[in-house]
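Per the working numbering: the sequence shown = residues 17 to 300. Where is the CB? At the ideal position from N, CA and C, for every residue including glycine. Before any comments, here is the structure.
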Amino acid sequence: MRPTVPAPSETLTVSDGRNILPPQRHGLLGRAWLKRRAVLFAVALAVLGSERMAWAQGRVPRIRQRGTLVCGVAPGVAGFAQIDERGRYRGLDVDVCRAVSAAIFGTPDNVRYEPASSVDEFQRTQSVDLVSRRLTWSLRREGMGLLFGPVTFYDGQGFLVPARLPVQQVRELSNVRLCVVAGGLSESNLTGYFRSHKLTLQKRLIQPAQVEAELSAGRCDAFTADVSELGSLRSGMRRPGDFRILPEQISKEPLAQLVRAADVDLFDVLRWTIFAMIDPRSSG
C-alpha cells in the first residue's frame, strides 16, 4: 500500500484547525510547503520499503496495522501542548505527532493522544508508541532503554518570583521559601545547585495549579521549573504583571521526543520526520 499524498489542489489542515491554501497560491511559501510534503512522502516510502524488507516485527508495522499512532503528550503548557475549547490538541509537541502520522500513513490525522505524565509511566505500558512532551534528553534516561529524537527546543530551569521581591540573581534566593513540583528533574536540579553553591535551601513541594495562589499568599517566595513552563504559567495568571522570571538559569534542558530503544524503526521515522520539519529543503 502506498501512502496517500494530497493533490496540489487540496488544502492541508494544521493542528490548530486552520486550512492552508493550495501551494500554488502562496508563491515561495507554497514551494516550501511542497518541499516539506515531498520529504515526508520520502520518509513514508522508506517506512514502507523497510517494512517489507526487515521490520516485519517492528513497531511501525504494528502502528500501521492498528491504523493510529498513539502519542503520549502532557497538555497544559502554552505553545507545546494544549487542548482548545473545541477539544483539539495544539502546539509544537502535537505537531510532531501529526508529522510522524503523516510520514507513516500519508495523513496527519491518524493520531490518538494519551496522557504521558512521566518516563516511568511510558515504560510501564506498551500501548503508547512515542512520547512528545517536553522531556529532557539526558544520559541517565538513555540508560533506561530509551532513544531520543533530535532536539526540538533548548530550555533551561529558571525561577518565577513576585515582582515586588528585590532579587536579580539565584544566589539571592538563599534561605527563602522556594516551591517546586515534587519528584521531577526540577527538584533534583534545585537541590543539587543549592548544595554545590553552598546556598541554604528552604524547599516547599507543591503542584503546578497551586503556584499563583502560593506565591500571592506569600507561602512561596519563588517557584522553579523550566522557563518554558514558567512563561506559560505566568501568561495564564490573573495578574501576570505581578510576577517576573529571573534571567539566570541553573540548568540546560535539551527537549526531545522519545521512543523505546527496541523500536529502532519508529526512531528512524521520528528522526527524519523532524529533520523534514526543520529544513524541508534538505534531502538525505
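- With respect to the 8 Å criterion, Thr289 and Ala115 are classified as neighbours on the basis of their beta carbons.
- Residue pairing of Glu245 in beta bridges, as defined by DSSP: absent, with no partner found.
- Residue pairing of Ile222 in beta bridges, as defined by DSSP: Val197.
- In the three-state reduction of the DSSP assignment, Cys87 falls in the strand class, which pools E and B.
- DSSP, read as helix, strand or coil, puts Ile266 in coil.
- Sequence-distant partners of Asn205 (beyond 5 residues in either direction) whose C-beta falls short of 7 Å from its own C-beta, in its chain, are Gln173, Ile266 and Ser267.
- For Ala238, the beta-bridge partners assigned by DSSP are Leu194.
- Apart from the 5 residues on each side of it in sequence, Ser248 sits with its Cβ closer than 6 Å to the Cβ of Val93 and Ala94 in its chain, given in chain order.
- Of the other Cβ atoms in all chains shown, 16 or more fall within 10 Å of the Cβ of Tyr129; this residue is therefore buried.
- In this structure, Ala118 lies away from Tyr105, with their beta-carbon atoms at least 8 Å apart.
- The DSSP-derived three-state label of Phe96 is coil.
- Contact annotation: the region 181 to 188 does not touch the region 149 to 169, with fewer than three C-beta pairs closer than 8 Å.
- Closest by C-alpha distance to Val86, out of Glu101, Thr141 and Met160, is Thr141.
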